[in-house]
Amino acid sequence: MPRKDYLDREPQIHPSAFVAKSADLIGAVTVDEEASIWYGAVLRADIQEIKIGPRSNVQDGTIVHLECEQGTYLGQYVTVGHKAILHACTIDDEVLVGMGSIVMDGARIGARSIIGAGALVTMGTEIPPGSLVLGSPAKVVKKLSEDEQKSLKKWAENYVELSRRYLDEKIL
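When the count follows the numbering used here, it moves up by one through the sequence shown with no breaks and lands on 172 for the last residue.
What follows is the structure in structure tokens.
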């Protein structure tokens, strides 16, 4: 997997994390324990930092970047679907970011929320915890039930298990 030092900042990857061979990690990227970065993902931390929290996953084709004043931060048990774009934002714990979603600069997604596939969360938007967010521009359409909120952690746990199998079988 290409890990690139940039301005004396090198990616830091926990030994239990999985990073696919075709993923690009550039600069000040931190990948915590049991997190996973999948095929074709690009995490470019050339001017600020990117932090991927424990047991979170960034799926195939996703782009994670930042801006001069703010990095990008994912809490624990976050699932980022295929081909999402995260730019200078904060994603709190146990969030599901749907495939093809875009989360822009300064946005914050509250814990245990779902960002629906293809949603556009605009600059500076604050999503309250436990929200279902859909559309472009994205809007909160409902408060998730307690059962719906609890189920979000399971998505990330599935990817923890999958990444363990990939590591055990040395599939990179």
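Even for Gly, the Cβ is constructed at its ideal location relative to N, Cα and C.
The structure displayed is predicted, hence computed values, not measured ones.
- Following the DSSP letters along the chain, one finds residue 44 inside the beta strand (DSSP E) bounded by residues 42-52.
- The continuous alpha helix (DSSP H) containing residue 160 extends over residues 146-168.
- Distance from the CA atom of residue 171 to the CA atom of residue 162, rounded to whole angstroms, is 11 Å.
- Between residue 102 and residue 74, the gap from beta carbon to beta carbon reaches 9 Å or more.
- Only residues of its own chain outside the window of five on either side were considered, and among them 79 and 96 have a CB closer than 6 Å to the CB of residue 155, listed in chain order.
- Excluding the 5 residues flanking it on each side, residue 40 has same chain C-beta neighbours closer than 6 Å at 22, 60 and 61, in chain order.
- Taking 9 Å as the cut-off, the Cβ atoms of residue 70 and residue 105 count as close.
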